[in-house]
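Chains as they are written, first to last, in the numbering used here: chain F, 1 to 228; chain C, 1 to 228.
Positions of the beta carbon are idealized from the N, C-alpha and C atoms, including for glycine.
Notes for the one structure printed next.
There are 2 protein chains.
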Amino acid sequence: MKTAIVLVSGGLDSATVAAIARHEGFEVRALSFNYGQRHVLELEAARRVVAAQGIRHHAVMTIDLRAFGGSALTDDIAVPKHRDAAAMSQGIPITYVPARNTIFLSFALAYAEVSAAQDIFIGVNALDYSGYPDCRPEYLRAYEAMANLATRAGVEGKQKLHIHAPLMTLTKAGIIRRGTELGVDYSLTLSCYDPAAPNLACGACDSCQLRRKGFAEAGIADPTLYRS
Amino acid sequence: MKTAIVLVSGGLDSATVAAIARHEGFEVRALSFNYGQRHVLELEAARRVVAAQGIRHHAVMTIDLRAFGGSALTDDIAVPKHRDAAAMSQGIPITYVPARNTIFLSFALAYAEVSAAQDIFIGVNALDYSGYPDCRPEYLRAYEAMANLATRAGVEGKQKLHIHAPLMTLTKAGIIRRGTELGVDYSLTLSCYDPAAPNLACGACDSCQLRRKGFAEAGIADPTLYRS
Chain F
1 MKTAIVLVSG GLDSATVAAI ARHEGFEVRA LSFNYGQRHV LELEAARRVV
51 AAQGIRHHAV MTIDLRAFGG SALTDDIAVP KHRDAAAMSQ GIPITYVPAR
101 NTIFLSFALA YAEVSAAQDI FIGVNALDYS GYPDCRPEYL RAYEAMANLA
151 TRAGVEGKQK LHIHAPLMTL TKAGIIRRGT ELGVDYSLTL SCYDPAAPNL
201 ACGACDSCQL RRKGFAEAGI ADPTLYRS
Chain C
1 MKTAIVLVSG GLDSATVAAI ARHEGFEVRA LSFNYGQRHV LELEAARRVV
51 AAQGIRHHAV MTIDLRAFGG SALTDDIAVP KHRDAAAMSQ GIPITYVPAR
101 NTIFLSFALA YAEVSAAQDI FIGVNALDYS GYPDCRPEYL RAYEAMANLA
151 TRAGVEGKQK LHIHAPLMTL TKAGIIRRGT ELGVDYSLTL SCYDPAAPNL
201 ACGACDSCQL RRKGFAEAGI ADPTLYRS
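Here it is in structure tokens:
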């Protein structure tokens with residue numbers, strides 16, 4: 001059985017990706033990141049998702065970007081609420097981390113090497129996040145090319161690393177439909193930027209709005225508890 | 001004055017790179033990594049190098065690869081001593097970290113973004129480390145291409161990230177000559193894999209041997225205190 005590293009944030013997208021990787025026959029090793037207080041509830045959700053899918057290996061990497069002196073990166077910032085689609089598409093989101101996917105994939109590459117894995121799965125989505133350079137297919141291809149020059153196995157042609165982004169062309173509704181087919185329990189996932197508790201989403205931040213709209217468009221009952 | 005991020009390990013090579021970046025007119029921000037107990041003395045050396053060169057910003061990023069379950073990565077391992085050049089060129093060195101330069105450069109990319117810097121300096125050296133895939137020019141070019149797809153500024157063509165590897169084609173003796181011209185105080189640097197104290201190198205590990213040979217070939221007095 002081939003091993004794959006799957007980036008699991010605790011959100012809806014990565015829970016779906018983990019289920020897809022398992023469905024494709026991979027033994028999944030999950031990788032999550034702890035990069036500040038705001039993400040403690042996200043990590044709890046990640047642990048629930050990992051447990052529910054029977055994934056036995058789960059590495060949690062702590063990274064403290066406060067070392068760079070940009071305190072705003074992880075400090076408390078007011079989460080914008082009730083924004084429309086036009087407003088959502090502008091500006092830097094609350095969960096922004098500089099060079100985020102590059103850092104996440106680099107740790108996934110290290111974990112893959114330690115695990116003798118050739119496959120990394122990431123839940124990026126060009127439709128929902130069209131403004132993000134590091135969610136585009138050309139970025140992921142460039143990352144893959146770099147990664148295959150970074151390791152001895154890659155250079156010798158013995159082992160070719162593949163980065164899978166199975167959600168790339170799906171809408172949020174399409175992701176929810178695919179995950180539901182695969183038995184993903186979305187009540188365990190947390191998308192909210194400002195949750196009141198592990199199981200209580202605010203209902204008004206950008207992420208909650210996208211999630212609600214996705215379930216509505218998919219015609220699937222949304223199991224999320226929203227505060228408003 | 002343009003800002004550059006310089007990876008500073010506390011060793012001879014990166015101290016030279018920092019001096020080269022400063023000589024080229026950059027305001028240097030140093031970035032070091034703490035990835036296990038073994039490296040505490042290295043970090044002390046990095047702090048000495050940074051202070052001696054008048055560098056005002058120094059970020060230290062802690063990364064704990066034990067999260068991957070590969071305990072051997074950061075646990076105590078006997079450091080090989082008195083190996084000849086043939087033996088040195090084989091096997092994985094004691095300081096090996098999976099996907100090391102990829103992780104280091106990814107944090108440098110984040111730090112560059114936070115600092116509005118377009119330049120990253122790294123002390124890789126194709127001659128001394130010919131066996132390392134992630135020290136080769138083609139790897140660094142692929143990393144640069146990926147990095148320029150990862151950031152909005154890069155995509156919009158406003159900002160082009162450059163990765164500088166000024167030691168790439170130098171021998172150890174050449175590095176020492178260049179650093180000496182630029183006033184680097186090599187007594188502050190630590191290359192040893194098994195130091196007895198911040199200022200006391202073992203003299204017998206691979207790194208100590210390469211360092212001694214470098215000073216001898218450069219015809220420059222070696223300021224290092226060796227135990228044997």
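{"Check": "Check whether Ala204 of chain C and His82 of chain C have beta carbons under 8 Å apart", "Outcome": "yes"}
{"Check": "For Asp185 of chain C, three-class secondary structure by DSSP", "Outcome": "coil"}
{"Check": "Under the three-state DSSP convention, the category Phe121 of chain F falls into", "Outcome": "strand"}
{"Check": "Cutoff 7 Å; reference Val28 of chain F; Cβ partners in own chain excluding five residues on either side", "Outcome": "Ala4, Val6, Ala18, Ala21, Arg22 and Ile55"}
{"Check": "Length of the line joining the Cα atoms of Met146 of chain F and Met146 of chain C", "Outcome": "7 Å"}
{"Check": "Sub-8 Å separation of Ala150 of chain C and Leu109 of chain C beta-carbons", "Outcome": "yes"}
{"Check": "Residue ranges of each alpha helix (DSSP H) within the stretch 134-183 of chain C, 4 or longer", "Outcome": "137-150, 152-155 and 172-181"}
{"Check": "Backbone secondary structure at His58 of chain C - three-state DSSP", "Outcome": "strand"}
{"Check": "Continuous beta strand (DSSP E) stretch holding Thr3 of chain F: start and end", "Outcome": "Thr3 to Leu7"}
{"Check": "Same chain, Cβ closer than 7 Å to Val60 of chain C, five either side skipped, listed in chain order", "Outcome": "Ser32, Asn34 and Leu43"}
{"Check": "Same chain, Cβ closer than 8 Å to Phe80 of chain F, neighbours up to 5 away in sequence not counted", "Outcome": "Looking at the sequence shown, residue 80 of chain F is not Phe but Pro. Cβ neighbours of Pro80 of chain F beyond the five flanking positions: Ala87, Ile94, Cys205 and Asp206."}
{"Check": "Short CB-CB distance (under 8 Å) between Tyr139 of chain F and chain C", "Outcome": "yes"}
{"Check": "Whether Asn125 of chain F touches Leu182 of chain F by CB criterion (8 Å)", "Outcome": "no"}
{"Check": "Interface residues of chain C facing Met168 of chain F [CB-CB closer than 7 Å]", "Outcome": "Neighbours of Met168 of chain F on chain C: none; closest Cβ ~15 Å, over 7 Å."}
{"Check": "Option nearest Asp64 of chain C by Cα separation, candidates C:Arg100, C:Ala52 and C:Val49", "Outcome": "C:Arg100"}
{"Check": "Contacts that Thr151 of chain C makes with chain F (C-beta to C-beta distance below 8 Å)", "Outcome": "Ala99, Pro133 and Asp134"}
{"Check": "Beta bridge counterpart(s) of Phe33 of chain F as assigned by DSSP", "Outcome": "F:Met61"}
{"Check": "Chain F within 8 Å of Glu113 of chain C, Cβ atoms only", "Outcome": "yes"}
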